[in-house]
Amino acid sequence: MIYIALSVNRNVVILNKLFKFRDVKRKMEFETIIGLEVHAQLMTKSKMYCRCSADYSSDTPNTHVCPVCMGMPGTLPTVNKQAVEFGMMTALALNCEISEFTKFDRKNYPYPDLMKGYQISQFDHPVGTMGWMEIEAGGQKRKVGVTRVHLEEDVAKLSHHPAENGESFTHVDVNRAGMPLMEIVGEPDLRSPEEAREYLVKLRSILQYLGVSTANMEEGSFRCDANISIRPVGTTEYLSKVEVKNMNSFKAVYKALEYEAERQRKAFEKGEKIPQETRGWIEESGKTISQRSKEYAHDYRYFPEPDLPPLTISRDCVEQVRAKLPELPEARRDRFMSQYGLPLYDANLLTVSKAMAEYFEQAVKAGKNVAPKEIANWLLGPASGIINADSADIEKFSGRVTCQRLVRLLEVNAAGTVSTASAKAVLEEMYKSGRDADAIISEQGLGQISDSSEIEKCAVEIIAANAQAVADYRAGKEASLKFLVGQMMRATRGRTNPNMAAELLKKKLEEG
Numbered sequence: 002m003i004y005i006a007l008s009v010n011r012n013v014v015i016l017n018k019l020f021k022f023r024d025v026k027r028k029m030e031f032e033t034i035i036g037l038e039v040h041a042q043l044m045t046k047s048k049m050y051c052r053c054s055a056d057y058s059s060d061t062p063n064t065h066v067c068p069v070c071m072g073m074p075g076t077l078p079t080v081n082k083q084a085v086e087f088g089m090m091t092a093l094a095l096n097c098e099i100s101e102f103t104k105f106d107r108k109n110y111p112y113p114d115l116m117k118g119y120q121i122s123q124f125d126h127p128v129g130t131m132g133w134m135e136i137e138a139g140g141q142k143r144k145v146g147v148t149r150v151h152l153e154e155d156v157a158k159l160s161h162h163p164a165e166n167g168e169s170f171t172h173v174d175v176n177r178a179g180m181p182l183m184e185i186v187g188e189p190d191l192r193s194p195e196e197a198r199e200y201l202v203k204l205r206s207i208l209q210y211l212g213v214s215t216a217n218m219e220e221g222s223f224r225c226d227a228n229i230s231i232r233p234v235g236t237t238e239y240l241s242k243v244e245v246k247n248m249n250s251f252k253a254v255y256k257a258l259e260y261e262a263e264r265q266r267k268a269f270e271k272g273e274k275i276p277q278e279t280r281g282w283i284e285e286s287g288k289t290i291s292q293r294s295k296e297y298a299h300d301y302r303y304f305p306e307p308d309l310p311p312l313t314i315s316r317d318c319v320e321q322v323r324a325k326l327p328e329l330p331e332a333r334r335d336r337f338m339s340q341y342g343l344p345l346y347d348a349n350l351l352t353v354s355k356a357m358a359e360y361f362e363q364a365v366k367a368g369k370n371v372a373p374k375e376i377a378n379w380l381l382g383p384a385s386g387i388i389n390a391d392s393a394d395i396e397k398f399s400g401r402v403t404c405q406r407l408v409r410l411l412e413v414n415a416a417g418t419v420s421t422a423s424a425k426a427v428l429e430e431m432y433k434s435g436r437d438a439d440a441i442i443s444e445q446g447l448g449q450i451s452d453s454s455e456i457e458k459c460a461v462e463i464i465a466a467n468a469q470a471v472a473d474y475r476a477g478k479e480a481s482l483k484f485l486v487g488q489m490m491r492a493t494r495g496r497t498n499p500n501m502a503a504e505l506l507k508k509k510l511e512e513g
């Protein structure tokens, strides 16, 4: 037996216990191990431990502050009851067990954005534990464990600026300090960046449906830290855990984890050490960089918060909170399929966003003469195209194109007043101007041509101007007819019914 050892940062791993020599000679196969820690800012009216307003985002820095959230000596915190309820709602939605006894602790670390020098968090008795969430990635459904859901406070916001003389300086805005924050810690059950992205998308959807957080990643109310390591396939021992921070979009999470997994693979194969550390994702370079060594729990010197009494949560209280849970994404998806006859694909896309699902249902109620499937097609097709092109969201779209206005457009399209091509152009103008479909159709003369003599005249002109396409059609090339129809649609600015145009052109071509 030949022994081969690769040095890693903790110990030398004796690979002969895991692989035969012929297996080691080829490129080693690894699996990726990912666990996510998600922080969601809660939508309460006041901060976590004081009465300062939580509505601070558009206000002047350092105006939503008080002695408590500024960490002044002699102040006494009090627990935000609404935040505790939001934590319980989230834990129940994630199939967690609600703790009958929960308490708050001091988590000590000396960062400049932490006014008190410690954070009031929860250590060994969180609100919820041992939950799970089902995700689907690559066509496979899997249960992913949720270790815990606990409450804590947010820190101040640091803004770093370069000075004119080359020396940098930092501004501190304490408005965010003390904001209610909920941390959802996942088990290391994810095996790819794709699964991590799907986990985050679904978790955000659940939080938005619950109404406990805006869960907007770009605005910072939904933040993710990822713990990632690798190990040779067939082994059970985790290698060094690396924490990745500074990921502010689902795309960034995917790219950062993809890069980090590959970086660790290459380092391991070279026999290099992989230290347990915190790394930051740099969007511009597409790389992670080392920031600091990774802390262990004992580094924070946790101890019970002396100014806050423990909380006892009765089973009656749990059931009262459970009764407040709204319809969640999966339940709504299933209802859309049964109630509106939508296919699984459409129902999934419509219910990822609570705002999109509500817009769809309002449109269905407003458009009694329009099929739900037709509304879904327009929302997932042309409407989503407009939203994506503007880097907007359904909330911005609905502010300009109400569900009643969308339904009216679909009605005139179904009645043949305007062609589908023209209707799509009208929808774009509705989004830009916020005006009704009828006004735009009338003003721009987009109504379908109803005069048969005018359509026939146009068909004759198209045939005369496209001799090669005519010859190709008469030679048996059916695709040439589609070309001629397209030319006719262009000439009439989409105002001709394409089926009528095709029939008329075919008739004229066969006449000789």
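With the numbering used here applied, the sequence shown corresponds to residues 2 to 513, in that order.
By construction, the Cβ of each residue, glycine as well, lies at the ideal position given by its N, Cα and C atoms.
Between which two residues does the alpha helix (DSSP H) holding Cys-318 run?
Locating residue 318 in the sequence shown gives position 317, where the first residue counts as 1. Note, Cys-318: alpha helix (DSSP H), 316-324.
Per DSSP, the bridge partner or partners of Thr-130:
In the sequence shown, the residue the question calls residue 130 occupies position 129. Partner(s): Glu-98 and Arg-149.
DSSP state of Gln-556, grouped into three classes?
Residue 556 falls outside the range modelled here, since the chain spans only 2 to 513, and no answer is possible.
Measuring only the C-alpha atoms, how far is Val-156 from Val-371?
Taking the sequence shown and counting its residues from 1, one reaches residue 156 at position 155. Taking the sequence shown and counting its residues from 1, one reaches residue 371 at position 370. Rounded to the nearest angstrom, the two C-alpha atoms are 50 Å apart.
In whole angstroms, what is the alpha-carbon distance linking Ala-55 and Ala-348?
Taking the sequence shown and counting its residues from 1, one reaches residue 55 at position 54. Taking the sequence shown and counting its residues from 1, one reaches residue 348 at position 347. Distance between the alpha carbons of Ala-55 and Ala-348 is about 35 Å.
In the structure shown, what three-state DSSP assignment does Lys-203 receive?
Looking up residue 203 in the sequence shown gives position 202. Lys-203 falls in the helix class under three-state DSSP.
Taking the beta strand (DSSP E) that Lys-288 falls in, what are its first and last residues?
Counting from 1 along the sequence shown, the entry for residue 288 is found at position 287. First-last of the beta strand (DSSP E) with Lys-288: 288-294.
Cβ atoms of Ala-92 and Met-49: under 7 Å apart, would you say?
Along the sequence shown, one-based indexing puts residue 49 at 48. Along the sequence shown, one-based indexing puts residue 92 at 91. No, the pair does not count as a contact, with Cβ atoms beyond the cut-off.
For Ala-138, which option in Ala-416, Tyr-255, Lys-508 and Ser-291 has the closest C-alpha, if you only look at C-alpha atoms?
Locating residue 138 in the sequence shown gives position 137, where the first residue counts as 1. If we check each option's Cα against that of Ala-138, Tyr-255 comes out closest.
Under 8 Å, with one C-beta from each stretch per pair, do the stretch 145-164 and the stretch 121-136 reach the 3-pair mark?
yes
Looking only at its own chain, which residues have a Cβ that is under 6 Å from the Cβ of Gln-363, when we skip the five neighbours before and after it?
Along the sequence shown, one-based indexing puts residue 363 at 362. Within the same chain, Gln-363 has close Cβ partners Cys-404.
I need the DSSP call for Gly-167, collapsed to helix, strand or coil.
Here residue 167 is taken as the residue at index 166 of the sequence shown, counted from 1. Correct three-state label for Gly-167: coil.
Ser-291 to Ile-121 span [Cα, whole Å]:
One-based indexing of the sequence shown puts residue 291 at position 290. One-based indexing of the sequence shown puts residue 121 at position 120. Cα to Cα, Ser-291 sits roughly 27 Å from Ile-121.
Taking the continuous alpha helix (DSSP H) assigned at Ser-59, which residues delimit it?
For the purposes of this step, residue 59 is taken as residue 58 along the sequence shown, with counting starting at 1. Ser-59 -> no alpha helix (DSSP H), and no H or E assigned at all.
Going straight from the alpha carbon of Asp-24 to that of Thr-236, what length do you get?
For the purposes of this step, residue 24 is identified with residue 23 of the sequence shown, where counting begins at 1. For the purposes of this step, residue 236 is identified with residue 235 of the sequence shown, where counting begins at 1. Bear in mind that a pLDDT of 44 at Asp-24, under 50, signals an unreliable position, so the model cannot answer this.
Please state if the CB of Lys-203 and the CB of Ile-283 are separated by a distance shorter than 7 Å.
Stepping through the sequence shown from its first residue, residue 283 is reached at position 282. Stepping through the sequence shown from its first residue, residue 203 is reached at position 202. Taking 7 Å as the Cβ cut-off, Ile-283 and Lys-203 do not qualify as a contacting pair.
Starting from Met-357, follow the alpha helix (DSSP H) in both directions and report where the run begins and ends.
Residue 357 sits at position 356 when you count from the first residue of the sequence shown. Per DSSP, Met-357 belongs to the alpha helix (DSSP H) from 355-367.
Give the single residue among Phe-105, Tyr-57, Thr-61 and Ala-94 whose Cα lies nearest to the Cα of Thr-313.
As a first step, residue 313 is located in the sequence shown; it is residue number 312 there, counting from the start. It is Phe-105 whose Cα lies nearest to the Cα of Thr-313.
Cβ pair Pro-373, Tyr-346 closer than 7 Å:
As a position in the sequence shown, residue 373 is number 372, starting the count at 1. As a position in the sequence shown, residue 346 is number 345, starting the count at 1. No, they are not a contact pair.
Out of Pro-163, Lys-117 and Gly-487, state which residue places its alpha-carbon closest to the alpha-carbon of Thr-171.
Locating residue 171 in the sequence shown gives position 170, where the first residue counts as 1. Answer by Cα proximity: Pro-163.
Using alpha carbons as the reference points, say which of Ser-222, Arg-143 and Met-218 lies closest to Gln-42.
Sequence index remark: in the sequence shown, residue 42 carries index 41 (1-based). Checking every option, the nearest Cα to that of Gln-42 belongs to Ser-222.
Is the distance from the Cβ of Leu-258 to the Cβ of Ile-229 below 7 Å?
Stepping through the sequence shown from its first residue, residue 258 is reached at position 257. Stepping through the sequence shown from its first residue, residue 229 is reached at position 228. Closer than 7 Å, so yes.
The alpha helix (DSSP H) that contains Val-408, what's its start and end?
Mapped onto the sequence shown, residue 408 falls at position 407. 404-415 is the extent of the alpha helix (DSSP H) around Val-408.
Rounded to whole angstroms, what's the CA-CA distance from Ala-358 to Lys-508? Just pull it up for me.
The sequence position of residue 358 within the sequence shown is 357, counting from 1. The sequence position of residue 508 within the sequence shown is 507, counting from 1. Answer to the nearest angstrom: the Cα atoms are 45 Å apart.
Cβ contact (3+ pairs, closer than 8 Å) linking the stretch 30-42 and the stretch 58-67
no
Among the residues of its own chain, which have a CB less than 6 Å from the CB of Ser-399, if the five just before and after it don't count?
For the purposes of this step, residue 399 is identified with residue 398 of the sequence shown, where counting begins at 1. Tyr-360.
For the 8 Å Cβ check, are there 3 or more pairs between the stretch 321-335 and the stretch 113-120?
no
Check whether the Cβ atoms of Leu-409 and Ala-377 sit closer than 7 Å, and answer yes or no.
As a position in the sequence shown, residue 409 is number 408, starting the count at 1. As a position in the sequence shown, residue 377 is number 376, starting the count at 1. The sequence given here has Arg at residue 409, not Leu. In this structure, Ala-377 does not lie closer than 7 Å to Arg-409 by Cβ.
Which residue's Cα is closest to the Cα of Lys-144: Ser-100, Ile-99, His-161 and Asp-190?
Within the sequence shown, the letter at position 143 stands for residue 144. Taking only the C-alpha atoms, the option nearest Lys-144 is Asp-190.
Can you give the Cα-Cα distance for Gln-1 and Tyr-110, rounded to whole angstroms?
Any answer about residue 1 is impossible in this case: the structure gives the chain only from 2 up to 513.
Please classify His-65: is it buried, with 16 or more other beta-carbons within 10 angstroms of its beta-carbon, or exposed?
Along the sequence shown, one-based indexing puts residue 65 at 64. Under this definition His-65 is a buried residue.
Can you grab the Cα-Cα spacing for the pair Phe-484 / Met-490, in whole Å?
Against the sequence shown, residue 484 aligns to sequence position 483. Against the sequence shown, residue 490 aligns to sequence position 489. Looking at the two C-alpha atoms, the distance is approximately 10 Å.
Spatial distance of Ser-339 from Glu-331 (CA atoms)
The sequence position of residue 339 within the sequence shown is 338, counting from 1. The sequence position of residue 331 within the sequence shown is 330, counting from 1. Computed Cα separation, rounded: 13 Å.
By a C-beta neighbour count over all protein chains shown, 10 Å radius and 16 as the cutoff for buried, is Glu-244 buried or exposed?
Looking up residue 244 in the sequence shown gives position 243. Burial call: buried.
Can you grab the Cα-Cα spacing for the pair Glu-504 / Met-431, in whole Å?
By one-based count along the sequence shown, residue 504 stands at place 503. By one-based count along the sequence shown, residue 431 stands at place 430. Between Glu-504 and Met-431, the C-alpha separation is close to 32 Å.
Under the DSSP definition of a beta bridge, which residues are partnered with Gln-340?
Translated into the one-based positions of the sequence shown, residue 340 becomes position 339. Answer is none; Gln-340 lacks a bridge partner.
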